[in-house]
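What follows is a single structure, written as structure tokens, with notes after it.
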Amino acid sequence: MNATLPRLVFTYLLLLLCTLVFFGPILFMLVGSLKPDDQVLADAASLAALWPREASLDNYHSVFERVPFASYLASSLLINGLIVGLGLLVNALAGYALARLRWWGRETMLAVVVAILVIPFEAIAIPLFYQLSALGWRDDHLVQAIPFVANPLAIYLFYSFFLSLPRALEEAARVDGAGVLRTFFTIVIPNSKAAFASVAIVTFLFHWGMYLWPLLMTTSESVRPLPLGIASFHTLPPLAWGDILAFGVLMVLPVLVVFVVFQRWFVAGVASTGIKG
């Protein structure tokens, strides 16, 4: 008992420290968004950074006055909606074909999918930019979404999950005369809700903050997403850190809402697809 107590205290202190490290920047952003602009940097080096002395919503009002936040938000929702919605269909079909169908070159294709996982997007961004620019495809929502519909990580997660499904379900459907696609849509998908939820959330979280590709492919304010919106504050004098932090809070809120609402499915999906932390 005496030996266990110090270990327990140490464990909780370590967990508290980790919580402060990860939650501290979020708390600083939230508190800073409620402060007058001159106090944000003045309090940054003290504990006052974590508590607003004069809280107000003026910075949030300023965000909507200085930049077209609604347009940025609508663009982000549309782009991410296309990536997630189309991606679930395309990547699930690809994962199912790799996991359940037998065809020439399947093992090679699976190896290619795994190999692509280690290639950072920044390595292919410029060649892809020149390729699409040569086709005259720029400055719209689709060009920001379509290149990311097929996702090797999503394909591999679906592949791993479909391998764990009992084959008896599909064999029974095929005995009844169902083809591959009918079996997939009527049997596989209803039994794979956790995997679909997990892939949807991971995809949404990854692409919500994407900055490089929209920067390369867009010039019009009306099609630019939130990450470019927050960067635009650096070109709008005076530089108001309170406004930037308020914009950051508004940008993070949809992500938190999605995660909180689908947390149960996300946890179940992580467990079922075999993701290891």
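Counting with the numbering used here, you get residues 6 to 282 for the letters of the sequence shown. All residues carry an ideal CB built from backbone N, CA and C; glycine is no exception.
- Within the same chain, Cβ atoms closer than 7 Å to the Cβ of T208 are found at I88, V89, G92, N156, A159, the five residues on either side in sequence being excluded.
- In the DSSP annotation of this structure, the continuous segment of the alpha helix (DSSP H) that includes L258 starts and ends at 246-266.
- Runs of the beta strand (DSSP E) lying entirely within the stretch 173-207, each at least 3 residues long, are absent.
- Exposed is the label assigned to T24, since fewer than 16 other Cβ atoms lie within 10 Å of its Cβ.
- In the DSSP assignment, S138 falls within the unbroken alpha helix (DSSP H) covering 126-139.
- With a threshold of 16 other beta carbon atoms within 10 Å, K198 falls short and is exposed.
- A buried status is given to L255, since no fewer than 16 other beta-carbon atoms sit within 10 Å of its beta-carbon.
- In the structure shown, E59 adopts coil according to DSSP, grouped into three states.
- Where L103 is concerned, the enclosing alpha helix (DSSP H) starts and stops at 74-105.
- Ranking S51, L18, K40, Y101 by CA distance to the CA of R187 puts Y101 first.
- The stretch 221-232 and the stretch 67-81 touch, with no fewer than 3 CB-CB distances between them shorter than 8 Å.
- Shortest Cα-Cα distance from A205 to any of P243, Q268, D248, L19 involves Q268.
- In the pairwise beta carbon analysis, the stretch 245-265 is classified as touching the stretch 56-74: at least three pairs are separated by under 8 Å.
- Put simply, of F201, A128, G214, V123 the residue whose alpha carbon is nearest the alpha carbon of N85 is G214.
- Here M34 has L250, G253, V254 as same chain residues with Cβ atoms under 7 Å from its own Cβ, once five neighbours each way along the sequence are excluded.
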